[in-house]
Amino acid sequence: MYRQILNEVFLHLPKILIMELVFVTNNNYKLEEIRHILGEGFNIRSLNDIGFQEDIPEEQPTLEGNASQKAFYIYNTFGVNCFADDTGLEIDALGGKPGVYSARYAGEEKNSEANMDKVLLKMAKIKNRKARFRTVISLIIDGKETQFEGVVEGVILHEKKGRMGFGYDPVFKPDGFNETFAEMNLTTKNKISHRGLAMQKLVQHLKTLRHE
Ligand code: IMP
């Protein structure tokens, strides 16, 4: 009898001690980033890991709306606790554009070079270069949503600089630094970036849930 109870406990122990979450992404860079910050005690699975390869609808006009739509889509389909992120580059002189349309600013091909060229062209004669990257993460635990925001302020340069990173990194210089995101090593970028900051807030929250 005791043996049976012990066996049951040991069988379920990993599930009790380890928090399982699906990150609504197949971006390996983002997965590594969050696994690195969270460390032990969490099992983060990707969309690939749960066998999901379709496109998830992103039809909302805001980052908040899209993060929420993506997270609830997976929660409602698979019934798993999960989180999704959405990021945009908001340029003051362009009325906040490309914003929620950052990935497809120059067309459906999601081409980063073309996106940056479009920004540089539109900004060619503009003096106010202020811009920010903003990330919203939507976390769903047992059907309840919590959102986290990360923002990094900076300026848009007149030309591309640096070869690292992705997206708009070569044209964005964060305030307080002399280099663009594309010239910065990943550890520094993760500490100050929009996504890094939003992830840190998510991690804080998950760690408090873990100890409740
Ligand atoms: P997503 O919501 O993370 O897919 O980001 C949408 C778009 O924003 C991407 O396709 C990139 O163009 C841009 N973006 C997001 N994060 C970054 C970043 O860290 N650096 C540069 N561009 C980014």
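Taking the numbering used here, the leading residue of the sequence shown gets 58, the next gets one more, and so forth.
Glycine included, C-beta positions come from ideal geometry on N, C-alpha and C.
Between residue 196 and residue 142, the alpha-carbon positions lie close to 9 Å from each other. Excluding the 5 residues flanking it on each side, residue 138 has same chain C-beta neighbours closer than 6 Å at 78, 198, in chain order. Close to ligand 1, as judged by a C-beta nearer than 5 Å to any of its heavy atoms, are the residues 143, 144, 159, 160, 224, 225, 226, in chain order. Of the residues 134, 266, 92, 99, the one whose Cα lies closest to the Cα of residue 108 is 134. Between residue 190 and residue 176, the C-beta gap is not smaller than 7 Å, which leaves the two residues out of contact. Comparing alpha-carbon positions, the option among 87, 156, 180, 100 lying closest to residue 75 turns out to be 100.
For residue 179, the CB contacts under 7 Å within the same chain, skipping 5 residues up- and downstream, are 151 in chain order. Between the alpha carbons of residue 263 and residue 145 lies a distance of about 24 Å.
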